[in-house]
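Trainee: End of the sequence shown sits at 487 in our numbering; the numbers just go up one at a time, nothing left out.
Heads up, the beta-carbon is just placed ideally off N, CA and C, and yes, glycines get one too.
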Amino acid sequence: YDLRAGLNMDPWHPRRLEDNLRQAPDPRWPDHARLALQFVLNVEEGAERTVLNGDDGSEDYLPEIPGARRVMGERNFSAESLYDYGARIGFWRLLRLFESRQLPLTAFAAGRALELNPEAGAALAELDHEIAGHGYRWIDYRLVDRETERRHIQRTCRIIEEIAGSPPVGWYTGRTSPATRGLLVDHGGFLYDSDAYDSELPYWLGDSGLAHLLIPYTLITNDIRYVISPGCANAEDFFTLLRDAFDLLWAEGETQPRMMSVGLHSRFSGHPARAAAIARFLDYVQQRGSVWICRRRDIAEHWHREFSPPGTEA
174 YDLRAGLNMD PWHPRRLEDN LRQAPDPRWP DHARLALQFV LNVEEGAERT VLNGDDGSED
234 YLPEIPGARR VMGERNFSAE SLYDYGARIG FWRLLRLFES RQLPLTAFAA GRALELNPEA
294 GAALAELDHE IAGHGYRWID YRLVDRETER RHIQRTCRII EEIAGSPPVG WYTGRTSPAT
354 RGLLVDHGGF LYDSDAYDSE LPYWLGDSGL AHLLIPYTLI TNDIRYVISP GCANAEDFFT
414 LLRDAFDLLW AEGETQPRMM SVGLHSRFSG HPARAAAIAR FLDYVQQRGS VWICRRRDIA
474 EHWHREFSPP GTEA
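Below is the structure:
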């Protein structure tokens with residue numbers, strides 16, 4: 174068995190172990206920015222596991238309630254309330270933080286969440302934030318058959334198009350199946366997906382003449398750090414995490430510009446004690462020059478202009 178060849182058997186999911194930090198290109202960010210800074214707001218509330226969505230049980234990922242277990246065959250009112258808070262309160266609090274500073278963000282939006290809360294999608298579109306697809310349901314797509322996942326992608330794209338006036342150009346499933354990326358390429362119309370965590374710059378993948386752009390995401394500068402251990406106990410911890418990452422990337426950006434992603438969830442960072450970290454960080458980065466605060470689609474469009482897909486170089 175050729176181990177090295179085996180790393181790249183699947184062109185849509187190759188192992189990428191080569192040195193990227195020294196060999197990566199200058200991204201040539203607009204206005205010679207040292208850093209492209211991108212905020213993601215995950216919109217999942219209502220799309221989680223629940224018998225109301227036809228599931229056999231309720232959501233069991235309840236880090237705010239230690240020891241919580243899935244309830245089979247019936248509703249879990251505590252789980253529903255935690256998600257409902259994100260939709261009813263947290264989403265709007267975080268949206269106001271960005272609106273008041275006139276800063277853009279990308280929403281990773283589950284189709285079912287937008288169906289149940291179209292007002293949230295309409296607000297995102299009105300403020301010219303990007304709405305990217307995030308699966309139809311906030312579930313593990315490894316447990317879903319290929320054709321169902323295909324229909325979920327199609328349905329989510331229709332929902333977003335109805336809300337925003339155009340279909341999504343970006344996608345992040347989060348809990349992907351082996352078929353996810355191929356289904357996105359087959360569907361067409363996507364500038365990128367973000368189901369990778371392996372770089373601080375976008376990169377191209379290709380197969381059989383098809384090219385697809387990856388804009389990696391993060392689980393580090395992400396507010397899931399509030400609900401995993403070891404993690405962040407309070408807003409000061411999370412602000413420090415974001416600030417330290419930003420400071421190092423900004424300093425490195427004098428010679429090696431990079432991208433920084435920040436992942437947020439309404440049901441986590443939407444609480445007042447945690448939203449304070451986001452407010453402080455937004456004010457902090459706006460005091461620095463040479464930072465491009467943008468949507469993920471802006472990064473994708475920039476990369477498509479500046480860097481040719483594999484096999485298309487002049």
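Where do the ends of the alpha helix (DSSP H) carrying Q327 lie?
Mentor: Run containing Q327: R319 to A337, per the alpha helix (DSSP H) assignment.
Trainee: So is H205 buried or exposed if we call it buried at 16+ other beta carbons inside 10 Å?
Mentor: Exposed.
Trainee: I'd like to confirm the pairing. Which residues does DSSP put opposite A305 in its beta bridges?
Mentor: The partner list for A305 (beta bridge, DSSP) reads F281.
Trainee: Pick helix, strand or coil for F212, following the three-state DSSP scheme.
Mentor: Note: F212 maps to strand in three-state DSSP.
Trainee: Just list the residues that DSSP pairs L378 with in beta bridges.
Mentor: Answer by DSSP bridge pairing, in chain order: H385.
Trainee: If I measure Cβ to Cβ from Y268 and keep anything under 7 Å in the same chain, skipping five residues before and after, which residues do I get?
Mentor: The question names Tyr, yet the displayed sequence has Leu at residue 268. A296.
Trainee: Grouping DSSP H, G and I as helix and E and B as strand, with all else coil, what is W265?
Mentor: DSSP places W265 in helix when its eight states are reduced to three.
Trainee: With contact counted as at least three CB pairs below 8 Å, one residue from each stretch, are the segment 338 to 350 and the segment 362 to 370 in contact?
Mentor: Touching, yes.
Trainee: In whole angstroms, what is the alpha-carbon distance linking T391 and Y309?
Mentor: Between T391 and Y309, the C-alpha separation is close to 21 Å.
Trainee: Under the DSSP definition of a beta bridge, which residues are partnered with V464?
Mentor: Paired residues: L208.
Trainee: For N290, which three-state DSSP category applies?
Mentor: In this structure, N290 counts as coil in the three-state DSSP scheme.
Trainee: Give the single residue among A337, L356, L421 and D359 whose Cα lies nearest to the Cα of V458.
Mentor: Nearest C-alpha to V458: L421.
Trainee: Alpha carbon to alpha carbon, what distance is there between D368 and W311?
Mentor: Cα to Cα, W311 sits roughly 14 Å from D368.
Trainee: What is the rounded straight-line gap between the Cα of N407 and the Cα of L387?
Mentor: Roughly 32 Å separates the two Cα atoms.
Trainee: When you compare only the Cα positions, how much space is there between G443 and S381?
Mentor: Their Cα atoms are separated by approximately 44 Å.
Trainee: Could you name the residues that DSSP lists as bridge partners for N395?
Mentor: G436.
Trainee: So, helix, strand or coil for R431, using DSSP?
Mentor: Here R431 sits in strand by DSSP.
Trainee: So for G343, helix, strand or coil by DSSP?
Mentor: Residue state, collapsed to three classes: coil.
Trainee: Is the beta carbon of A450 sitting closer than 8 Å to the one on F412?
Mentor: Yes, the Cβ-Cβ distance between A450 and F412 is below 8 Å.
Trainee: Contact check, A260 vs A280 under 8 Å by CB: the rounded distance?
Mentor: Going by Cβ atoms, the distance from A260 to A280 rounds to 13 Å, so no, they are not a contact pair.
Trainee: Measure the CB-CB distance between Y399 and R348 and report whether it falls below 8 Å.
Mentor: Cβ distance not < 8 Å, so Y399 and R348 don't count as in contact.
Trainee: Pick out whichever of Y258, G436, A282 and G462 has its Cα sitting closest to the Cα of E334.
Mentor: Among Y258, G436, A282 and G462, the Cα nearest to that of E334 is on A282.
Trainee: Consult DSSP for D359 and reduce its assignment to one of helix, strand or coil.
Mentor: It is helical.
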